[in-house]
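There are 2 protein chains.
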Amino acid sequence: MSAIILDGKAIAKRIQDEVKDAVAKMSREKGVVPGLAAVLVGENPASQMYVKMKRNRCEEVGIESFGYEKPADITQEELEELINELNRDPKVHGILIQLPLPDHIDTDKALQTISLDKDVDGFHPINIGRLAMKGREPEFIPATPYGCMILLQEAERLVQGFKISGSNAVVCGRSNIVGMPMSLLLVKANATVTIVHSRTKNIPEIVGKGDIVIGAMGRAEMIKGEWLKEGAICIDVATVKVDAPEAPKGYIWKGDFEAEAAKKRAAAITPVPGGVGPMTIAILLKNTLHGAELALS
Amino acid sequence: MSAIILDGKAIAKRIQDEVKDAVAKMSREKGVVPGLAAVLVGENPASQMYVKMKRNRCEEVGIESFGYEKPADITQEELEELINELNRDPKVHGILIQLPLPDHIDTDKALQTISLDKDVDGFHPINIGRLAMKGREPEFIPATPYGCMILLQEAERLVQGFKISGSNAVVCGRSNIVGMPMSLLLVKANATVTIVHSRTKNIPEIVGKGDIVIGAMGRAEMIKGEWLKEGAICIDVATVKVDAPEAPKGYIWKGDFEAEAAKKRAAAITPVPGGVGPMTIAILLKNTLHGAELALS
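Chains as they are written, first to last, in this note's numbering: chain A, -9 to 287; chain B, -9 to 287.
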């Protein structure tokens, strides 16, 4: 068997195009341009890069982006005051606080200040709580797990006999931004979910039971191809930079799966890069559009 | 092997005694008597009985209980107004809205009205969200799963070689009040958790991998003794009334486990009744005391 490659880049492009059309229609028909406020605290180069990428992608689809760059020594009060201003600002439909925040900031408290109907990252504890509860729906679903769900739906379309509902799903990693919300989404979708983490003793055996395996640990090639159940659907969230002197840039990106070996057993797998990564920003755009729809409703 | 019986009744009694002592001390030294407001809507007999039991147990430990019985046709606004009054009332340290509420009431919205520092049931979405998040702690842990954790800690003390951390835990059931918060607590305690539910295909096989098995489906004797791993720790949350013409009352209580067969394989198991049941009210008392401590802090 050679796995189907789930082309996140192409699907993200399709979502981005849909958002672009909807943004144009909203501007034309309602006179409203969706707006995303991105708050960056301090000078972490990775955070700067992420915010820049997000703002560029906003521009590409016609979403207005507002950047707020604040010094690393901003106080909790000043940060919350800014968030409250953005909550009131009718041109802002989504508020993004780039994480991590400096140590002296209470991140939980800051995120909780974001108005629920502008929480496009979906990290407000009420949103996470609703994600965990039967019969409740969060206003916004966190971007990366939401992107993974769309990739799994693509696998349902492409892999005969595969259904998320009723499957056994193994989620490797329990982070607040990927592993845990991913697990909660899969439970809602009627998968039987096992959450694997650094304290798990029999990872190969558990992974081997997964019809779905989500790699969200950020440990290069930790999940061996030979562990996988024949026909598994593999979603690789990790992108780990690995030294590779022979590569043109001196490094390459690796995921949590031992990719080549995994392709021999899996029915479908996401590539790294070009799988989950491109989905995340596309969903952020989609969530911002949803924020503008909420404001209009 | 014959399983150790985890005596919930005795442990609940111990917790209740500790709460009683702490309540007496607080009244004596701070002049504050912890108070629990119990709101009952409509005339569901089971709900009436639960509220009565809870209020009786409050009295036994010196917690003041305030009962609010409201007609089934109370409006959302009236209910929220009552909750807001209780939020402001300095004599009330815990607010309990007995579920289920009538269909025309938005339960989520009502529960969200409860002040976080009086949410002794722990059902506020922010509390559930914090339960799901690494590095965050809820102000109150829902009573039944909290009681189960204490029973598991008792098993750690009694069963040689058993540790919650690093174990495989199988939670059968994904309800908002037991299965899901239980799963989240076990993840926080470093167990590897699998959440099993009605759509799960291979329940016997999955249950058979559990070092811990939580029965929270409410389906009498659904979990067969022969499914269990030798030496498993079994926590039975269900209490199902089953007709038994030969019994003095004409019925008996059964749990989710096939009890007699389970005892032959398990290392420890909770009885039904007298296991998890008594723990739930004891924890509610403990949470109310905690509410009063918060008000004093």
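C-beta atoms are modelled at their ideal positions from N, C-alpha and C, and glycine is treated no differently.
All figures in this text were calculated on a predicted structure; none of them were measured in a lab.
- Message: For A:TRP217, which residues in the same chain have their Cβ closer than 7 Å to its Cβ, ignoring the five residues on either side in sequence?
- Response: PRO194, VAL197 and GLY198
- Message: Can you find the residues in the same chain that come closer than 7 Å, C-beta to C-beta, to A:SER165, ignoring five residues on each side of it along the sequence?
- Response: Excluding its 5 nearest sequence neighbours in each direction, A:SER165 has C-beta neighbours in its own chain below 7 Å: ALA206, listed in chain order.
- Query: Taking Cβ-Cβ distances below 8 Å as the criterion, which residues of the segment 109 to 126 of chain A are in contact with chain B?
  - Reply: Cβ contacts with chain B come from HIS114, PRO115, ILE116, ASN117, ILE118, GLY119, ARG120, LEU121, ALA122, MET123, LYS124, GLY125 and ARG126.
- Query: Of all the beta strand (DSSP E) runs that stay within the bounds of the segment 191 to 274 of chain B, which reach a length of 3 or more residues?
  - Reply: Runs found: 202 to 205, 223 to 226, 230 to 233 and 241 to 244.
- Task: Have a look at A:LEU141 and B:ASN180 and give me their C-alpha separation to the nearest angstrom.
- Result: 29 Å
- Message: Can you confirm whether B:GLY156, when its beta carbon is compared against all beta carbons of chain A, has any partner nearer than 8 Å?
- Response: yes
- Query: Using the C-alpha atoms, what's the distance from B:GLU144 back to A:TYR241?
  - Reply: 51 Å
- Query: Using 8 Å as the Cβ pair cut-off and three pairs as the minimum, do the segment 12 to 30 of chain B and the segment 44 to 58 of chain A touch?
  - Reply: no
- Query: B:LEU30 by DSSP, collapsed to three states: which one?
  - Reply: strand
- Query: Any idea if B:GLN6 is buried or exposed, counting beta-carbon neighbours within 10 angstroms, 16 or more meaning buried?
  - Reply: Classification of B:GLN6: buried, given that the 10 Å Cβ count is 16 or more.
- Residues that B:GLU197 contacts on chain A, provided the C-beta gap is smaller than 8 Å: Correcting the residue identity first, residue 197 of chain B is Val in this sequence and not Glu. By Cβ distance, chain A contributes nothing, its closest Cβ being about 11 Å from B:VAL197, past 8 Å.
- Message: Closer than 7 Å to a non-hydrogen atom of the ligand NAD - does that hold for the CB of B:ILE202?
- Response: For the ligand NAD, the structure offers nothing, since it holds no ligand at all.
- Determine the closest residue to B:GLY32 out of B:GLU50, B:ALA62 and B:VAL168, with distance taken between C-alpha atoms. B:ALA62
- Expected contact under 8 Å - CB spacing of B:LYS214 and B:ALA257 to nearest Å: 17 Å between Cβ atoms; not a contact.
- Task: Below 8 Å on the Cβ atoms is my guess for A:LEU176 versus A:VAL186; work out the distance and round it to an integer in Å.
- Result: Contact doesn't hold; Cβ gap of about 13 Å is too wide.
- Going straight from the alpha carbon of A:PRO235 to that of A:ASP(-3), what length do you get? 27 Å
- Task: Apply the 10 Å Cβ neighbour rule to A:ASN74 and answer buried if 16 or more other Cβ atoms are within range, or exposed otherwise.
- Result: exposed
- Message: Does A:GLU59 come out as helix, strand or coil in the three-state DSSP assignment?
- Response: strand
- Message: Between A:LYS15, A:ARG4, A:ILE87 and A:VAL9, which has its C-alpha nearest A:ALA28's C-alpha?
- Response: A:ILE87
- Query: Along chain A, in chain order, which residues have C-beta atoms closer than 8 Å to that of B:ASN180?
  - Reply: Chain A residues near B:ASN180: HIS187 and ARG189.
- What is the DSSP secondary structure of A:ALA133, reduced to helix, strand or coil? helix
- Message: Please tell me whether B:ALA133 and B:ASN277 are closer than 8 Å, where the distance is taken between their beta carbons.
- Response: yes
- Item | Secondary structure of B:GLU127, DSSP reduced to three states | coil
- Buried or exposed: where does A:LYS231 fall if 16 or more other Cβ atoms within 10 Å of its Cβ makes it buried? Classification for A:LYS231: exposed.
- Query: Can you find a CB in chain B that lies within less than 8 Å of the CB of A:ASP98?
  - Reply: True, the Cβ-Cβ gap to chain B drops below 8 Å.
- Taking 8 Å as the CB-CB cut-off, is B:ASN166 touching chain A? Output row for B:ASN166: interface = yes.
- Message: I'd like to confirm the pairing. Which residues does DSSP put opposite B:THR184 in its beta bridges?
- Response: A:THR184 and B:VAL160
- Query: What residues in its chain sit with their C-beta under 7 Å from that of A:MET172, if we drop five residues either side in the sequence?
  - Reply: PRO135, CYS138, VAL161, ILE204 and ALA206
- Item | Exposure of B:ALA0, with buried meaning 16 or more beta-carbon neighbours within 10 Å | Looking at its Cβ environment, which holds fewer than 16 other Cβ atoms inside 10 Å, B:ALA0 is exposed.
- Message: If you reduce the DSSP assignment to three classes, tell me which class A:ILE116 lands in.
- Response: helix
- Taking the alpha-carbon positions, what's the B:GLY163 to B:ASN46 distance? 30 Å
- With a CB to CB cut of under 7 Å and the five nearest residues on each side skipped, what residues in its chain are close to B:GLU59? LEU30
- Query: Under 8 Å between C-beta atoms, does A:VAL41 make it to chain B?
  - Reply: No - not a single Cβ of chain B is within 8 Å of the one on A:VAL41.
- For A:LEU141, decide whether its Cβ has a neighbour in chain B, counting only Cβ atoms nearer than 8 Å. Not an interface residue.
- Query: How is A:GLY84 classed by DSSP in three states: helix, strand or coil?
  - Reply: It is a strand residue.
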